[in-house]
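> One structure is given below, represented as structure tokens, and several questions about it will come after.
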Amino acid sequence: MRLILPVLSAALLSAVPAQAQAQAEDEVLDYQSAMRCSAVYAFMSAMGEDEQDAETIAAMDEFGQRWLIMAMERDGEDGTRAIAELEPVAEALVSKVEELGEAEAEAFLIDHLTRCDTLEETYSEEFYGIDLE
């Protein structure tokens, strides 16, 4: 996993919004999508702890929390399903990234971040309306 850290630099993350604009605006946010976004931001936060500044890590953590809350609102079980499934979803993401080569892992993570960014823009009122205090 450490091999992909240089690949996931701030330059990589800054490329995501431009790619998200090219995707269709009609993506639907469902439980699975929100869980994937929560897991990918948790992964990015954990991977960047040694490489990123505290502000970047805090932003990734915040995004992961917002996505988890959005998943909890869609899990049909008052949030209990999302809480129970977060660790397995995150572990599956880590396993997938570990089995890919560096270039494939980069493309995989960019794809996930791009989808999350598109959903964030589409559901921005709900996303930013979540009070994390």
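Just so you know, we're using our numbering here: the sequence shown kicks off at 100 and counts up by one.
Built from N, CA and C at the ideal position, the CB exists for glycine as well.
Being a predicted model, the structure only gives us computed values, none of them experimental.
Could you compute how far the alpha carbon of residue 195 sits from the alpha carbon of residue 213?
Mapped onto the sequence shown, residue 195 falls at position 96. Mapped onto the sequence shown, residue 213 falls at position 114. Distance between the alpha carbons of residue 195 and residue 213: 17 Å.
> Alpha carbon to alpha carbon, how far is residue 173 from residue 167?
Residue 173 sits at position 74 when you count from the first residue of the sequence shown. Residue 167 sits at position 68 when you count from the first residue of the sequence shown. Whole-angstrom Cα-Cα distance: 10 Å.
> The alpha helix (DSSP H) with residue 135 in it runs from where to where?
Working through the sequence shown from its first residue, we reach residue 135 at position 36. Taken as a continuous stretch (DSSP letters only), the alpha helix (DSSP H) holding residue 135 covers 130-146.
> Is the beta carbon of residue 231 sitting closer than 9 Å to the one on residue 136?
Your numbering for residue 231 matches position 132 in the sequence shown. Your numbering for residue 136 matches position 37 in the sequence shown. It is not a contact, given that the beta carbons lie outside the stated cut-off.
> Would you tell me roughly how many angstroms separate the C-alpha atoms of residue 206 and residue 176, rounded to the nearest one?
Translated into positions along the sequence shown, residue 206 becomes position 107. Translated into positions along the sequence shown, residue 176 becomes position 77. Roughly 33 Å separates the two Cα atoms.
> Expressed to the nearest angstrom, what Euclidean distance is found between the alpha-carbon atoms of residue 163 and residue 198?
Taking the first residue of the sequence shown as position 1, residue 163 is located at position 64. Taking the first residue of the sequence shown as position 1, residue 198 is located at position 99. Their Cα atoms are separated by approximately 23 Å.
> Rounded to the nearest angstrom, how far is the Cβ of residue 158 from that of residue 134, given a contact under 8 Å?
For this step, residue 158 is matched to residue 59 along the sequence shown. For this step, residue 134 is matched to residue 35 along the sequence shown. Not really, about 20 Å apart at Cβ, beyond 8 Å.
> Count the other CB atoms, across all protein chains shown, that sit within 10 Å of the CB of residue 127; report buried if there are 16 or more and exposed otherwise.
Reading the sequence shown from its first residue, position 28 is the one you call residue 127. Residue 127 is exposed by the Cβ-count criterion.
> Rounding to the nearest angstrom, what Cα-Cα distance links residue 86 and residue 179 in this structure?
Outside the displayed range of the chain (100 to 232) lies residue 86, so it cannot be described from this structure.
> Could you tell me the boundaries of the alpha helix (DSSP H) in which residue 222 lies?
Counting from 1 along the sequence shown, the entry for residue 222 is found at position 123. No alpha helix (DSSP H) contains residue 222, which DSSP labels as neither H nor E.
> Let me know the secondary structure DSSP gives residue 229 once reduced to three states.
For the purposes of this step, residue 229 is taken as the residue at position 130 of the sequence shown. Coil, per DSSP.
> Ignore the nearest five residues each way along the sequence and tell me which others in residue 215's own chain have a CB closer than 6 Å to its CB.
The residue you call residue 215 lines up with position 116 of the sequence shown. Counting only Cβ-Cβ distances below 6 Å, and skipping sequence neighbours, we find 136.
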